[in-house]
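FYI, in my numbering the residues of the sequence shown are 707 to 1045.
Presented below is the structure to which this report refers.
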Amino acid sequence: MSINLSPHEKKILSLVEKHPTIVSDPVERKRIAELNGMTEKTLRNRLGDLKRYGVIGQQTRGQKTNTQDNEVLTDNFLLFWTNRRLIIKNTIIVAFVSLIVSLLLPKWYASKAVVLSSGAGKFNFLSSISPFPVANFGLSTINEDINNFIAILQSRTVKEYMVNKFNLVERYNQRDIEYAMEAFEEKMELEVTEEGTLEISIIDKDPIVAKQMVSEALIMLDKINQNIGMEAGRYNREFLEKRLNQNENNLEKAELDLKIFQEKTGIIDLVAQLSSTMQMSAQAYNSIFDAYTELYAKKIETETQLAVAKTTLSINNPTLMQLEKLLNEQTFQLDQLMI
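Next comes the structure, spelled out in structure tokens:
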């Protein structure tokens, strides 16, 4: 915003630009006023007018800020120049010490291995007995395999084996096997890649030992994974045999009940001995019974899947949650058919 100043005010403003100290220094203001043929009071009043207009305040603050910035920059440059030899000397010493330390520090070598999921070509029990696409329920075989691999490698069995195999208590200079296992866990890194593979990395001061550790970890992983698979297969066989025997017993009991019913009522063919009206009702009942039988068979399959999963998966595994949810839905549908 432009302000129209009178000639006298412009003269005062030019004095301020030439002598900025007259704004705050009374002695300097009196001296400048006498040199320009006016009293100190008159000059002070004119300066007050210019302050109210906002002319002197903005310029003074700007000049003060620029002056302070210039002074700080100058002081920093002078400080640096005065101590230039000390600064350069310290920089060289720090760089030299850093180089020496980096050369003296022991080198660590990393050995890596990539584990592919066996889900792509492996027989999946849950998928084989389920009429539903199990992947839609979060039961991806590949993801489940990778999770199982990580759980095996982080298990106490594997860590304790590695500590004893490579004498890590002495190698890592630890007090006992517990601290050695913690140290080994820090040296081993497990990472799931974007492609769905598991990358195992182990570091050691000796590259040969690092490679041997990765090889032993892979051997233990394969061994434990095979044992788990055989144990799961054995349980699956026993569970299915038990379920088959139970179903056979139920059928025998149903046949016996039907025979007793026929002997008591004398009815041999229920549908043939009913009237046409009753036959229609019986047909409707048979359709409902067929639907119930089919849904009940699916429920048995889900119960089988759930029982198998509980033996191989952890309690909080999403697979168990999805199967339990599916089983509850099938139970609800069966209850609705019975109403």
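All residues carry an ideal CB built from backbone N, CA and C; glycine is no exception.
No experiment lies behind these values; they were computed from the predicted model shown.
Check	Outcome
Do you know whose CA, among Met1027, Ile799, Val722 and Thr745, lies nearest Thr1008's CA?	Met1027
For Val820, which option in Ile1006, Leu924, Gln1042 and Pro1024 has the closest C-alpha, if you only look at C-alpha atoms?	Leu924
Contact between the stretch 775-792 and the stretch 872-884: three or more CB pairs below 8 angstroms?	no
From the DSSP output, read off the bridge partner residues of Leu904.	Val821 and Val898
Measure the C-alpha to C-alpha separation of Pro1024 and Ile806 and round it to an integer number of angstroms.	53 angstroms
What's the call for Leu779, buried or exposed, on a 16-neighbour Cβ count within 10 Å?	exposed
Just how far apart, CA to CA, sit Val864 and Lys911?	21 angstroms
Ends of the alpha helix (DSSP H) at Lys871?	Arg862 to Lys871
Put Asp910 into one of helix, strand or coil per three-state DSSP.	strand
Going by beta carbon distance, what residues of the same chain come within less than 6 angstroms of Met894, once the five residues before and after it are set aside?	Ile908
Sort Asn853, Gly754, Glu891 and Phe855 by Cα distance to Met868 and report the nearest one.	Glu891
For Asn710, which three-state DSSP category applies?	coil
So, helix, strand or coil for Tyr815, using DSSP?	strand
Along the alpha helix (DSSP H) that carries Ser730, what are the first and last residues, could you check?	Here Ser730 belongs to no alpha helix (DSSP H), and DSSP marks it neither H nor E.
Whose C-beta lies closer than 8 angstroms to the C-beta of Arg949 among residues of the same chain, with five residues either side of it excluded?	Ile1006 and Thr1010
Of the residues Gln860, Trp787, Lys871 and Leu896, which one's Cα is nearest the Cα of Glu888?	Gln860
Within 10 angstroms of its Cβ, does Phe850 collect 16 or more other Cβ (buried), or is it exposed?	For the sequence presented, residue 850 should be read as Glu rather than Phe. Result: buried.
Which term fits Asn853, buried or exposed, when burial requires 16 or more other beta carbons within 10 angstroms of its beta carbon?	buried
For Ala1013, which residues from the same chain have a beta carbon less than 8 angstroms from its beta carbon, with the 5 sequence-adjacent residues on both sides left out?	Phe945
Are there 16 or more other CB atoms within 10 angstroms of the CB of Ala739, so buried, or fewer, so exposed?	buried
Among Ile762, Asp755, Met744 and Gly743, whose alpha-carbon lies nearest the alpha-carbon of Thr727?	Ile762
With H, G and I counted as helix, E and B as strand and the rest as coil, what does DSSP make of Gln1039?	helix
Start and end of the alpha helix (DSSP H) containing Arg758?	Glu746 to Tyr759
Answer with buried or exposed for Ala960, where buried requires no fewer than 16 other C-beta atoms within 10 angstroms of its C-beta.	exposed
What do you reckon, are the CB atoms on Lys736 and Glu746 nearer than 8 angstroms?	yes
Check whether the Cβ atoms of Lys1004 and Glu922 sit closer than 8 angstroms, and answer yes or no.	no
For Leu980, which three-state DSSP category applies?	Reliability fails at Leu980, whose pLDDT of 49 lies under 50, so the model's placement of it is uncertain and no value is given.
Work out the CA separation of Asp996 and Asn956 for me, nearest whole Å.	17 angstroms
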